[in-house]
Amino acid sequence: MKTLLIFGCSLIFLALLGWVGLKIKPAPFPAFPQPTPPFAMIPLPAGLPAPVERFFRLVYGEEAPVITSAVLTGRATMRPFGPLALPARFRFTHDAGKGYHHYIEATWFGIPIMKVNEHFLEGQGRLELPFGVEEGDKIDQGATLGLWSESLWLPAIYLTAPGVRWEPVDEVTALLVVPFNDAEERYVVRFDPANGLPTWFESMRYHGQSSTDKVLWLNHLVEWEMHSGKPALKTGTAIWMDDGKPWAVFTVEEAVFNVDIREYIRTKGQ
Numbered sequence: 348m349k350t351l352l353i354f355g356c357s358l359i360f361l362a363l364l365g366w367v368g369l370k371i372k373p374a375p376f377p378a379f380p381q382p383t384p385p386f387a388m389i390p391l392p393a394g395l396p397a398p399v400e401r402f403f404r405l406v407y408g409e410e411a412p413v414i415t416s417a418v419l420t421g422r423a424t425m426r427p428f429g430p431l432a433l434p435a436r437f438r439f440t441h442d443a444g445k446g447y448h449h450y451i452e453a454t455w456f457g458i459p460i461m462k463v464n465e466h467f468l469e470g471q472g473r474l475e476l477p478f479g480v481e482e483g484d485k486i487d488q489g490a491t492l493g494l495w496s497e498s499l500w501l502p503a504i505y506l507t508a509p510g511v512r513w514e515p516v517d518e519v520t521a522l523l524v525v526p527f528n529d530a531e532e533r534y535v536v537r538f539d540p541a542n543g544l545p546t547w548f549e550s551m552r553y554h555g556q557s558s559t560d561k562v563l564w565l566n567h568l569v570e571w572e573m574h575s576g577k578p579a580l581k582t583g584t585a586i587w588m589d590d591g592k593p594w595a596v597f598t599v600e601e602a603v604f605n606v607d608i609r610e611y612i613r614t615k616g617q
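Heads up, the sequence shown is in this note's numbering, so the first residue is 348 and it goes up one at a time.
Shown next, in the form of structure tokens:
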């Protein structure tokens, strides 16, 4: 009996220890060493759907910046498998509208226990995980949608990137059409009727290369903050409809734009 009691107490202690470790956020990555230079500006284009024009006037005013690159750094929680949510830190490097590098460290007690390197370059995706590498046409499709979803942190490229266009639906909904190889992908974008900011990006995406069917993939934009008097996205989540709960919550804590990332985007690590 005494042995069973000691064993039970040990299990409770280990479970409590594990739970505490998952509540500790990792330290942020160091600040990116290059600052954002002054932006070139362009007038907002004419003919945008009503909720889209309202949004861009809120975030930019009469003119939008020309953005060629972005480095987004922050912290997250992720569920790479099962219900367990891991704290994480990330750095996403974007060649705006063309490609990206994702580097993510999932942590326990602030110590990295899983690292992810994902590249999407020249239209091809490569996902490197501790338990294998994924590549292929369905990875490319998912990476394309990831690229344009994350562009919510640099939304001016929805106005400037080749092959991107907006189509009207109603006063609080629009379609965003983006290029994918020789075809196109579409998002349903839903805007908050009260504040004019987008709340949902909805698209159909493959889970992975072995997927047989696309699944509704939801990006929920849950928190905005004011920068120089203008709203900017702070926190967004990613949800697979066949799961129903966020598998990742990303909070950007630093964003720099139009820096030289030509070599940096091809590296591994942060």
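Note that beta-carbon positions come from the ideal geometry of N, C-alpha and C, so glycine has one too.
Could you spell out the range, first to last residue, of the alpha helix (DSSP H) harbouring I586? Taken as a continuous stretch (DSSP letters only), I586 belongs to no alpha helix (DSSP H), being part of the beta strand (DSSP E) at 577-587.
Quick check: what's the CA-CA separation for P396 versus D517? 8 Å
Considering only residues of the same chain and omitting the five flanking positions on each side of G470, which have a CB-CB separation below 7 Å? D487, N528
Under the assumption that E410 contacts I389 (Cβ atoms under 8 Å), give the Cβ distance between them as a whole number of angstroms. 6 Å
Is the beta carbon of G457 less than 8 Å from the beta carbon of A374? yes
I'd like to know whether the C-beta atoms of L492 and G583 end up nearer to each other than 8 Å. no
What number of angstroms, rounded off, separates the C-alpha of K372 from the C-alpha of L565? 25 Å
By Cβ distance below 6 Å, which residues in the same chain neighbour S550 in space, the five residues on each side in sequence not counted? L492, Y534, W564
Does the contact criterion of 3 or more C-beta pairs under 8 Å hold for the stretch 473-489 versus the stretch 541-560? yes
Could you name the residues of the same chain whose beta carbon sits closer than 7 Å to that of I608, not counting the 5 residues immediately before and after it, in chain order? S416, V418, T440, D442
How would you call I460, buried or exposed, if buried means at least 16 neighbouring beta carbons within 10 angstroms? exposed
Would you tell me roughly how many angstroms separate the C-alpha atoms of I414 and Y505, rounded to the nearest one? 10 Å
Any idea if L580 is buried or exposed, counting beta-carbon neighbours within 10 angstroms, 16 or more meaning buried? buried
Boundaries of the beta strand (DSSP E) in which I458 is found, first to last residue: 458-468
Let me check understanding here. Comparing Cα to Cα, which of P382, L405, Q381, P380 lies closest to A503? L405
Selection from M588, F478, L391 that minimises the alpha carbon distance to K561: M588
Looking at C-alpha atoms only, which residue of G616, K615, T614, E601 is the closest neighbour of Q381? E601
Helix, strand or coil at S667 according to DSSP, with G and I counted as helix: Since the first residue of the chain shown is 348 and the last is 617, residue 667 is not available in this structure.
Can you give me the start and stop residues for the alpha helix (DSSP H) that V406 sits inside? 397-406
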